[in-house]
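Following: one structure in structure tokens, then a few remarks.
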Amino acid sequence: LKDALDYSKVATVVTEVCRSRDFHLIETVAELLAARILAEFLAPRVRILVRKMSPVLEPRVNYVSVEIVRSR
């Protein structure tokens, strides 16, 4: 358990990053989340999935997403 992440603290970081400013790209959100989590927690690697629901696109899609993996 000593190596376990406190997911409530991770969720707080996610909320802080997402509320910090307006984002035009979900890729930017993913990169900032990965950097912040690696900086504040002891995780050796993070995988971030950001999904935007109901984007304004033609043809219509349910969502778009980006997934990144970053390591120390």
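Per the numbering used here, numbering of the sequence shown is gapless, rising by one per residue and ending at 228. We put the beta carbon where it would ideally sit given N, CA and C, even for glycine.
>> Could you tell me the alpha carbon to alpha carbon distance between Val-217 and Asp-159, rounded to whole angstroms?
In response: Approximately 39 angstroms between the Cα atoms of the pair.
> Taking the alpha helix (DSSP H) that Ser-164 falls in, what are its first and last residues?
Replying inline: First-last of the alpha helix (DSSP H) with Ser-164: 163-175.
> Around the C-beta of Leu-189, are 16 or more other C-beta atoms found within 10 angstroms, so that it is buried, or is it exposed?
Replying inline: Taking all protein chains shown into account, Leu-189 has 16 or more neighbouring C-beta atoms within 10 Å of its C-beta and is therefore buried.
>> In this structure, how does DSSP classify Arg-226 when only helix, strand and coil are distinguished?
In response: Strand at Arg-226.
> Nearest CA to the CA of Arg-222: which residue from Glu-187, Arg-177, Ala-167?
Replying inline: It should be pointed out that residue 222 corresponds to Val in this sequence rather than to Arg. Minimum Cα distance to Val-222 is reached at Glu-187.
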